[in-house]
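A.B. asks: Sending over a structure as structure tokens; questions will come in a sec.
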Amino acid sequence: MLRNRFVECRNSVSGKIFICTLALLTNLTQASIAEDKSAASGDKSATQKESERIRAEHKDRIDRIVRESELRFESMQKNRLIQTNLTYSRALDAYEKAKQNKRDLPAFIHAAVGFAVAAHDVRDNVRASELYSEAVDAYLSLSKDSPSELECRRDAWSHMGYLSSTEFQSKFAQLFKIFEQRTSDPEMLNELNNNLRKVVSEQSSNRFGARSPSIGDSKATFDEKQFWKNAIEIRSAIRGANDPSLQPLLQSYVSACEKSGDVAEAEKTFVRLATLKNKDSDDADYANVRVQLDLTTFYLRHSMPEKAVAAYNKAMALSNGHKSQKMVSQLLSLASEFKSHSNAGISDKIIIDLLNSGGDQTVQAVDGTLNTLVSGYLNSFDLVKAQTLLAKRVEASKSCSNDQSANRWRLKLSDVDLALGQDAESNKLFEQVKTLTALSNGDVNKLNEDRQKLIQTLKSNKASQSSNTLKPTSSK
Numbered sequence: 085m086l087r088n089r090f091v092e093c094r095n096s097v098s099g100k101i102f103i104c105t106l107a108l109l110t111n112l113t114q115a116s117i118a119e120d121k122s123a124a125s126g127d128k129s130a131t132q133k134e135s136e137r138i139r140a141e142h143k144d145r146i147d148r149i150v151r152e153s154e155l156r157f158e159s160m161q162k163n164r165l166i167q168t169n170l171t172y173s174r175a176l177d178a179y180e181k182a183k184q185n186k187r188d189l190p191a192f193i194h195a196a197v198g199f200a201v202a203a204h205d206v207r208d209n210v211r212a213s214e215l216y217s218e219a220v221d222a223y224l225s226l227s228k229d230s231p232s233e234l235e236c237r238r239d240a241w242s243h244m245g246y247l248s249s250t251e252f253q254s255k256f257a258q259l260f261k262i263f264e265q266r267t268s269d270p271e272m273l274n275e276l277n278n279n280l281r282k283v284v285s286e287q288s289s290n291r292f293g294a295r296s297p298s299i300g301d302s303k304a305t306f307d308e309k310q311f312w313k314n315a316i317e318i319r320s321a322i323r324g325a326n327d328p329s330l331q332p333l334l335q336s337y338v339s340a341c342e343k344s345g346d347v348a349e350a351e352k353t354f355v356r357l358a359t360l361k362n363k364d365s366d367d368a369d370y371a372n373v374r375v376q377l378d379l380t381t382f383y384l385r386h387s388m389p390e391k392a393v394a395a396y397n398k399a400m401a402l403s404n405g406h407k408s409q410k411m412v413s414q415l416l417s418l419a420s421e422f423k424s425h426s427n428a429g430i431s432d433k434i435i436i437d438l439l440n441s442g443g444d445q446t447v448q449a450v451d452g453t454l455n456t457l458v459s460g461y462l463n464s465f466d467l468v469k470a471q472t473l474l475a476k477r478v479e480a481s482k483s484c485s486n487d488q489s490a491n492r493w494r495l496k497l498s499d500v501d502l503a504l505g506q507d508a509e510s511n512k513l514f515e516q517v518k519t520l521t522a523l524s525n526g527d528v529n530k531l532n533e534d535r536q537k538l539i540q541t542l543k544s545n546k547a548s549q550s551s552n553t554l555k556p557t558s559s560k
């Protein structure tokens with residue numbers, strides 16, 4: 085029986101590890117045999133016997149390892165099955181006991197949900213659905229004034245995905261309306277929102293819920309987009325069309341619309357997000373900006389560059405020049421998005437705006453993206469654009485109290501200035517770099533050597549260009 089369970093579990097994580105180990109050991113054995121076959125064929129009498137002995141010992145060792153691994157695996161599966169069966173038996177006992185005294189609804193609800201979970205764990209999805217349906221019906225008949233109402237509410241909501249698709253549609257609407265009417269605490273509301281995502285996960289899963297053949301409605305599919313739309317309508321009716329608690333639901337609806345290819349509805353919902361009232365919090369101002377930045381990313385993702393730029397400009401207008409660290413992080417991500425969509429102008433503008441804001445945290449955060457942009461311009465010989473960004477970075481260093489990479493950026497700008505023929509500006513910066521390098525016990529000689537190499541390279545390039553320009557064209 086245990087070997088049958090081994091076969092059943094061969095696709096589990098543990099089974100895959102065991103089978104991969106077995107395959108690896110088999111390969112090692114084959115490699116060892118192949119190596120032995122390729123050995124020199126001198127005196128076969130003694131050599132062949134020794135080779136056969138080594139192969140036999142090796143095979144015995146591998147067989148022993150395989151047997152030990154199989155025994156450990158079977159033991160682990162046996163222990164897991166014993167524990168699962170024990171849990172199932174206890175859950176069944178608790179359910180039967182609670183069912184005899186159904187007047188104690190809280191006890192029955194808790195027992196029915198517990199037994200549903202145990203049934204699901206042994207893949208009895210039909211039984212799990214029936215039990216959970218009983219628990220939901222019991223909760224719907226429970227008085228709202230019951231001392232155990234909150235606990236029962238959580239039980240009734242904990243695994244909505246166990247329900248078959250036909251029952252889920254009606255019972256979800258009933259339960260969600262009750263929960264919305266009885267939930268005012270912010271933490272409870274967050275818990276409810278998280279459970280909504282859990283419901284989607286359960287109902288979308290192939291193992292159980294609406295798509296499980298064992299439920300009896302295998303042709304039914306879970307419509308995630310419609311689910312979020314229904315949830316939004318219920319919450320809007322109870323809390324108001326512009327209540328801030330709608331934000332996570334609307335965001336999930338946007339994702340569902342995008343997954344289904346309904347870009348127009350997703351865009352419409354994003355616009356609605358921007359009209360929501362915001363909670364009184366430290367992040368309230370950023371929340372308005374974030375929606376516009378999210379919308380910017382959405383437009384870029386769907387190849388709408390003009391709308392993306394408009395949404396970005398609106399976000400900047402709403403920010404009034406204030407940039408929190410959360411906003412800085414999102415802007416840097418957006419700069420990379422614009423660059424990947426061939427709009428380097430906006431990328432540069434974002435970086436320059438951030439550098440103008442200044443401050444150690446912001447400037448340090450910008451450095452990685454800035455380095456990528458500058459390197460791109462240098463590789464494409466667009467020195468003027470590289471110079472613009474580098475000059476802004478060097479200027480931003482003045483707003484920092486501990487800019488440890490400032491000297492590196494000065495040196496980069498000095499090199500670019502020199503390449504553009506702006507020798508005076510370049511030399512001034514280079515002297516600053518040398519002074520600061522000496523103060524920090526750096527290698528000034530190496531700086532001078534590299535500088536001379538750059539000067540010689542630039543001279544050679546200039547001479548080569550002049551030679552090509554003066555070279556006469558051949559006469560026909």
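Residue numbers for the sequence shown follow the numbering used here, beginning at 85 and rising by one.
Think of the CB as a built atom: it goes at the ideal place given N, C-alpha and C, for glycine as much as any other residue.
Just so it is clear, the structure is predicted and the values come from calculations on it, not from any experiment.
Given a threshold of 16 other Cβ atoms within 10 Å of its Cβ, counted over all protein chains shown, does residue 186 qualify as buried or as exposed?
C.D. replies: Stepping through the sequence shown from its first residue, residue 186 is reached at position 102. Under this definition residue 186 is an exposed residue.
A.B. asks: Does the Cβ of residue 411 have 16 or more other Cβ atoms within 10 Å, making it buried, or fewer, making it exposed?
C.D. replies: By one-based count along the sequence shown, residue 411 stands at place 327. The residue is buried, with at least 16 neighbouring Cβ atoms inside 10 Å.
A.B. asks: At 3 residues or longer, and completely inside the region 191-223: list those beta strand (DSSP E) runs for me, N to C.
C.D. replies: Whole beta strand (DSSP E) segments, 3+ residues: zero.
A.B. asks: Between which two residues does the alpha helix (DSSP H) containing residue 387 stretch?
C.D. replies: Locating residue 387 in the sequence shown gives position 303, counting from the first residue. Segment: none, residue 387 is in no alpha helix (DSSP H) and carries neither H nor E.
A.B. asks: Counting along the chain, where does the alpha helix (DSSP H) carrying residue 325 start and finish?
C.D. replies: Residue numbering aside, residue 325 sits at position 241 when the sequence shown is read from its first letter. No alpha helix (DSSP H) holds residue 325; DSSP gives it neither H nor E.
A.B. asks: Between residue 538 and residue 499, is the Cβ-Cβ spacing less than 8 Å?
C.D. replies: Residue mapping note: residue 538 aligns to position 454 of the sequence shown, counting from 1. Residue mapping note: residue 499 aligns to position 415 of the sequence shown, counting from 1. The answer is yes: Cβ separation under 8 Å.
A.B. asks: Per DSSP, what kind of secondary structure is residue 536 in: helix, strand or coil?
C.D. replies: In the sequence shown, residue 536 corresponds to position 452, counting from 1. In the structure shown, residue 536 sits in a helix (DSSP, three-state: H, G or I).
A.B. asks: Since residue 484 is in the alpha helix (DSSP H), which residue starts that stretch and which ends it?
C.D. replies: Looking up residue 484 in the sequence shown gives position 400. No alpha helix (DSSP H) contains residue 484, which DSSP labels as neither H nor E.
A.B. asks: What's the call for residue 450, buried or exposed, on a 16-neighbour Cβ count within 10 Å?
C.D. replies: In the sequence shown, the residue the question calls residue 450 occupies position 366. Classification for residue 450: buried.
A.B. asks: Is the beta carbon of residue 334 within less than 7 Å of some heavy atom of the ligand MN?
C.D. replies: Judged by which ligands are present, the structure shown has none, so any question about the ligand MN falls away.
A.B. asks: Could you check how far apart the C-beta atoms of residue 42 and residue 219 are, in whole angstroms? I think they sit under 8 Å.
C.D. replies: Because the chain in this structure spans residues 85 to 560, residue 42 falls outside the shown range and cannot be described.
A.B. asks: For a test of the three-state rule: what should DSSP assign to residue 280, helix, strand or coil?
C.D. replies: Taking the sequence shown and counting its residues from 1, the one referred to as residue 280 is at position 196. Note: residue 280 maps to helix in three-state DSSP.
A.B. asks: Would you tell me roughly how many angstroms separate the C-alpha atoms of residue 509 and residue 516, rounded to the nearest one?
C.D. replies: Here residue 509 is taken as the residue at index 425 of the sequence shown, counted from 1. Here residue 516 is taken as the residue at index 432 of the sequence shown, counted from 1. Answer to the nearest angstrom: the Cα atoms are 11 Å apart.
A.B. asks: Would DSSP call residue 518 helix, strand or coil?
C.D. replies: The residue given as residue 518 occupies position 434 in the sequence shown. The answer is helix: DSSP assigns residue 518 an H, G or I state.
A.B. asks: Are residue 316 and residue 260 touching if we call contact CB-CB under 8 Å?
C.D. replies: Counting from one through the sequence shown, the residue named residue 316 turns up at place 232. Counting from one through the sequence shown, the residue named residue 260 turns up at place 176. In this structure, residue 260 does not lie closer than 8 Å to residue 316 by Cβ.
A.B. asks: Might you give, ordered along the chain, the residues of its own chain that have their beta carbon closer than 8 Å to the beta carbon of residue 105, omitting 5 neighbours on each side?
C.D. replies: One-based indexing of the sequence shown puts residue 105 at position 21. Residue placement at residue 105 is poorly supported in this model, since its pLDDT is 48, which falls under 50; the coordinates still yield a value, given next. Cβ neighbours of residue 105 beyond the five flanking positions: 153.
A.B. asks: Hey, out of 199, 428, 392 and 388, whose CA is closest to residue 172's CA?
C.D. replies: The sequence position of residue 172 within the sequence shown is 88, counting from 1. Closest by alpha carbon: 199.
A.B. asks: Is the separation between the beta-carbon of residue 496 and that of residue 439 shorter than 8 Å?
C.D. replies: Here residue 496 refers to the residue found at position 412 when the sequence shown is read from its first residue. Here residue 439 refers to the residue found at position 355 when the sequence shown is read from its first residue. Result no, Cβ atoms of residue 496 and residue 439 do not sit closer than 8 Å.
A.B. asks: Pick helix, strand or coil for residue 291, following the three-state DSSP scheme.
C.D. replies: What you label residue 291 is simply residue 207 of the sequence shown in a count that begins at 1. Confidence at residue 291 is low in this model, with a pLDDT of 42, below 50, so the placement of that residue is unreliable and no value is reported for it.
A.B. asks: Using DSSP with H/G/I as helix, E/B as strand and the rest coil, what is residue 395?
C.D. replies: Here the question's residue 395 lines up with position 311 in the sequence shown. Three-state DSSP puts residue 395 in a helix.
A.B. asks: Find out if the Cβ-Cβ distance for the pair residue 322, residue 275 is shorter than 8 Å.
C.D. replies: One-based indexing of the sequence shown puts residue 322 at position 238. One-based indexing of the sequence shown puts residue 275 at position 191. No, the pair does not count as a contact, with Cβ atoms beyond the cut-off.
A.B. asks: According to DSSP, is residue 268 part of a helix, a strand, or is it coil?
C.D. replies: Residue numbering aside, residue 268 sits at position 184 when the sequence shown is read from its first letter. If DSSP states are grouped into helix, strand and coil, residue 268 belongs with coil.
A.B. asks: By how many angstroms is the C-alpha of residue 194 removed from the C-alpha of residue 390?
C.D. replies: As a first step, residue 390 is located in the sequence shown; it is residue number 306 there, counting from the start. As a first step, residue 194 is located in the sequence shown; it is residue number 110 there, counting from the start. Each residue's alpha carbon lies about 55 Å from the other.
A.B. asks: Shortest alpha-carbon distance to residue 481 belongs to which of 446, 458 and 346?
C.D. replies: On the sequence shown, position 397 is the one that residue 481 refers to. Of 446, 458 and 346, the residue nearest in Cα terms is 446.
A.B. asks: How about residue 418 and residue 381: do their beta carbons lie closer than 8 Å?
C.D. replies: Translated into positions along the sequence shown, residue 418 becomes position 334. Translated into positions along the sequence shown, residue 381 becomes position 297. Yes, the Cβ-Cβ distance between residue 418 and residue 381 is below 8 Å.
A.B. asks: Apply the 10 Å Cβ neighbour rule to residue 235 and answer buried if 16 or more other Cβ atoms are within range, or exposed otherwise.
C.D. replies: Locating residue 235 in the sequence shown gives position 151, where the first residue counts as 1. Exposed.
A.B. asks: How many Å lie between residue 399 and residue 504 at the Cα?
C.D. replies: Indexing the sequence shown from 1 puts residue 399 at position 315. Indexing the sequence shown from 1 puts residue 504 at position 420. When rounded, the distance between both Cα atoms is 36 Å.
A.B. asks: How far does the alpha helix (DSSP H) with residue 409 in it extend, from its first residue to its last?
C.D. replies: For the purposes of this step, residue 409 is taken as residue 325 along the sequence shown, with counting starting at 1. Run containing residue 409: 409-424, per the alpha helix (DSSP H) assignment.
A.B. asks: Between residue 224 and residue 258, which are expected to be in contact by the criterion C-beta below 8 Å, what is the C-beta distance as a whole number of angstroms?
C.D. replies: Residue mapping note: residue 224 aligns to position 140 of the sequence shown, counting from 1. Residue mapping note: residue 258 aligns to position 174 of the sequence shown, counting from 1. Confirmed, about 6 Å.
A.B. asks: In the DSSP assignment, find the alpha helix (DSSP H) that holds residue 354 and state where it starts and stops.
C.D. replies: The residue you call residue 354 lines up with position 270 of the sequence shown. Where residue 354 is concerned, the enclosing alpha helix (DSSP H) stretches over 347-357.
A.B. asks: In terms of alpha-carbon separation, which member of 378, 231, 288 and 233 lies closest to residue 243?
C.D. replies: For the purposes of this step, residue 243 is identified with residue 159 of the sequence shown, where counting begins at 1. Checking every option, the nearest Cα to that of residue 243 belongs to 288.
A.B. asks: Taking 7 Å as the limit between beta carbons, can you name the residues of its chain near residue 279, skipping five residues before and five after?
C.D. replies: Here residue 279 is taken as the residue at index 195 of the sequence shown, counted from 1. Excluding residues within five positions, the ones whose Cβ falls inside 7 Å are 241.
A.B. asks: How many whole angstroms separate the CB atoms of residue 545 and residue 521, which I take to be in contact at a CB cut-off of 8 Å?
C.D. replies: Locating residue 545 in the sequence shown gives position 461, counting from the first residue. Locating residue 521 in the sequence shown gives position 437, counting from the first residue. That pair is no contact at about 27 Å.
A.B. asks: If you check the beta carbons only, do residue 309 and residue 344 fall under 8 Å apart?
C.D. replies: Here residue 309 corresponds to residue number 225 of the sequence shown, with the count starting at 1. Here residue 344 corresponds to residue number 260 of the sequence shown, with the count starting at 1. Yes, these two residues count as a Cβ contact at 8 Å.
A.B. asks: Does residue 112 come out as helix, strand or coil in the three-state DSSP assignment?
C.D. replies: Taking the first residue of the sequence shown as position 1, residue 112 is located at position 28. Note that residue 112 scores 46 on pLDDT, short of 50, meaning its location in the model is unreliable; the coordinates nonetheless yield the value given after this. Residue 112 falls in the helix class under three-state DSSP.
A.B. asks: Measure the C-alpha to C-alpha separation of residue 155 and residue 149 and round it to an integer number of angstroms.
C.D. replies: By one-based count along the sequence shown, residue 155 stands at place 71. By one-based count along the sequence shown, residue 149 stands at place 65. Taking the straight line from one Cα to the other gives about 10 Å.
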